[in-house]
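Mapping to the numbering used here: the sequence shown position 179 is 376, numbers consecutive.
All C-beta atoms in this analysis are idealised placements derived from N, C-alpha and C, irrespective of residue type, glycine included.
Let me begin by presenting the structure, written as structure tokens, before commenting on it.
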Amino acid sequence: MKKRIGSYPCVRVEGGGRAVVSQAGGVLLVETVRKVGLGTAMSAALTPWRKPRAVHDPGKILLDVALAVALGGDCLADVGMLRAEPAVFGPVASDPTVSRLIDNLAGSEGKSLAAIRSARAEAREQAWRLAGGHAPGAGGSVTVDLDGVLVVAHSDKEDAAPTWKQTYGHHPLMGFVDHGPGGTGEPVAALLRPGNAGSNTAADHITATRLALAQLPAKYRRGRRTLIRTDSAGGTHDFVAWLAQRGRWLSYSVGMVITEQVHQHVLKVPASAWTPAVEADGEIRDGAWVAELTGNVLDGWPKGMRLIVRKERPHPGAQLRLTDADGMRLTCFATNTVGRPIAELELRHRLRARAEDRIRAARATGLRNLPLHRTAQNRIWLEIVQIALDLLAWMPMLSLTGRARLWEPRRLRLRLFTTAGQLVTTGRRRILRLARHWPWTGHITAALDRLTQLPDPG
């Protein structure tokens, strides 16, 4: 006789538990806020919006909403998750107080957005300083990826419009710092636009680039220490010319459309001029080659721009386009970087695909929809989303190791943040005890130890 194993045990549930803390793993984000000085910076920046005799600090209110979004919330009311756990998150404002603050910030959005962004930039510099060799700029340069995001609206919100994908909503243009293969990434720009905004609008790309550069520490804004990377939406004359005018300070790698002129030049490239493409591990990519185009194909473009084209055998069943040649799929990009092999430059540009991972993380962190009605309010929401994504990038960068540093928001929530704990008071100390049997308790305690050892700001 074999012992029969039941599917699930029957458990009696009661609601009278005490000293039990839900979302106990959120202390990782709270400690990150403290170490990078974001709370202090945000409080100082939003002082003009604090009403006389107000109980709650505007900076703390905004950070509470951002923490709720980082933990999985997608509307202002989800700050109630934090309100239920004052032992971990402190006093949290009521829903009406939160809504009034958002309305007040939206009423003077130019000043409020500038204040919030300045606080984020200040905290970012501290976070990168604490990260040392794990910071994005540790290798001497920083890469910023610009990409558009479609956000579907399920109601008639201000500036919602039909999109090029036959949906209805908004089309923000965002910028992300690429942490490279050993990390994730963090947002440095978010420009809210109507759903019918063009993908290749040069003015929007210039604005987004300015926002991104303002978020970086000053030393990365000179000497070509920052690379601006985009897909073909950025391949416009006006945007490339703007980047070229700042060639002493910026490098760029911009996708370009395969025009008929480019197509004809590709057909004239001799076989000896094609170089095998390479992969991230340095291995040669079988069935893919790169070459640099010269001559009158560069007429009308800024001096110093290089045009590099890639051809590769398409996957079985892939449909070729009219601009493809000799059964090969063609793509190209422009750059002002010199002194490096074109195969290396092409690989660098191809790694822009990591921006899609950042967009997926943003959709899972408050960007699935814009919850407010007016555009000014949703611009504030977009800043809240960026703060949440900042914390979800800084916390692993400062405290996690190995593969855990690559975990995306959904996995961080499932394994770390949702951990339950028991609050114990011993003498004058309060101790949060996490479940011993939880598989990732060790990750949490080790991460907290690393955060605790970091110096406090100021």
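Exercise for the section: Taking V266 and I556 to be in contact with their CB atoms under 8 Å, please state how far apart those CB atoms are, rounded to whole angstroms. Expected result: Wrong, their Cβ atoms sit about 16 Å apart, outside the cutoff.
Handout entry: Range of the contiguous beta strand (DSSP E) that encloses P160
Key = No answer is possible for residue 160: it lies beyond the span of the chain, which begins at 198 and ends at 655.
Practice task
State the Cα-Cα distance for the pair A632 and A617, rounded to the nearest angstrom.
Solution key: Counting only the Cα atoms, A617 lies some 7 Å from A632.
Problem - CB of S450 within 8 Å of CB of R422, strictly - result: Cβ atoms of S450 and R422: not closer than 8 Å.
Handout entry: Neighbour-count burial assignment, S448, 16 or more Cβ in a 10 Å radius
Key = S448 is buried by the Cβ-count criterion.
Problem - Where the beta strand (DSSP E) containing R656 begins and where it ends - result: Residue 656 is absent from the model: the chain starts at 198 and stops at 655.
Exercise for the section: Tell me the start and end of each unbroken alpha helix (DSSP H) in the stretch 554 to 604 that is at least 4 residues and wholly inside, in chain order. Expected result: If one requires a minimum length of 4 residues, the alpha helix (DSSP H) runs lying completely within the stretch 554 to 604 are 572 to 596, in chain order.
Exercise for the section: Give the DSSP bridge partners of Y417, in chain order. Expected result: Y417 pairs with nothing; no bridge assigned.
Practice task
Output the distance between the C-alpha atoms of P255 and M594, rounded to the nearest integer angstrom.
Solution key: Cα to Cα, P255 sits roughly 27 Å from M594.
Practice task
Would you mind reading off the limits of the alpha helix (DSSP H) that contains G606?
Solution key: The residue you asked about is not Gly; residue 606 is Pro in the sequence shown. That run of the alpha helix (DSSP H) goes P606 to L609.
Exercise for the section: Enumerate in chain order the residues of its own chain whose CB-to-CB distance from L260 is below 8 Å, with the five nearest sequence positions on each side excluded. Expected result: By the criterion of a C-beta distance shorter than 8 Å, L260 is surrounded in its chain by V230, L235, G236, M239 and I584, once the five residues flanking it on both sides are discounted.
Practice task
Answer with buried or exposed for V252, where buried requires no fewer than 16 other C-beta atoms within 10 angstroms of its C-beta.
Solution key: Under this definition V252 is an exposed residue.
Handout entry: The beta strand (DSSP E) enclosing G382, as first and last residue numbers
Key = Taken as a continuous stretch (DSSP letters only), the beta strand (DSSP E) holding G382 covers G382 to L388.
Handout entry: Cβ-based neighbour list, A409, same chain, cut-off 7 Å, excluding 5 preceding and 5 following
Key = Result list for A409: V341, G372, V385 and A386, in chain order.
Handout entry: Buried or exposed (CB count within 10 angstroms, at least 16 for buried), W325
Key = Burial check for W325: the Cβ neighbour count within 10 Å reaches 16 or more, so the residue is buried.
Practice task
Go to V506, then tell me how far its beta strand (DSSP E) extends in each direction, as first and last residue.
Solution key: R503 to E509 is the span of the beta strand (DSSP E), which, as asked, contains V506.
Handout entry: Which of helix, strand or coil DSSP assigns to Q619
Key = Here Q619 sits in strand by DSSP.
Problem - Nearest residue (CA-CA) to L567, options G277, R321, P391 and V494 - result: Nearest of G277, R321, P391 and V494 to L567, Cα basis: P391.
Practice task
Express the C-alpha separation of L609 and T562 in angstroms, rounding to a whole number.
Solution key: Looking at the two C-alpha atoms, the distance is approximately 12 Å.
Handout entry: R507 and C529 closer than 8 Å at C-beta
Key = Closer than 8 Å, so yes.
Exercise for the section: Have a look at A540 and A468 and give me their C-alpha separation to the nearest angstrom. Expected result: About 16 Å.
Exercise for the section: Pick out whichever of R627, A601, I628 and T615 has its Cα sitting closest to the Cα of H640. Expected result: When each option's Cα is compared against that of H640, the closest is A601.
Problem - the stretch 410 to 417 contacting the stretch 362 to 369, beta-carbon criterion three pairs below 8 Å - result: No, the stretch 410 to 417 is not in contact with the stretch 362 to 369.
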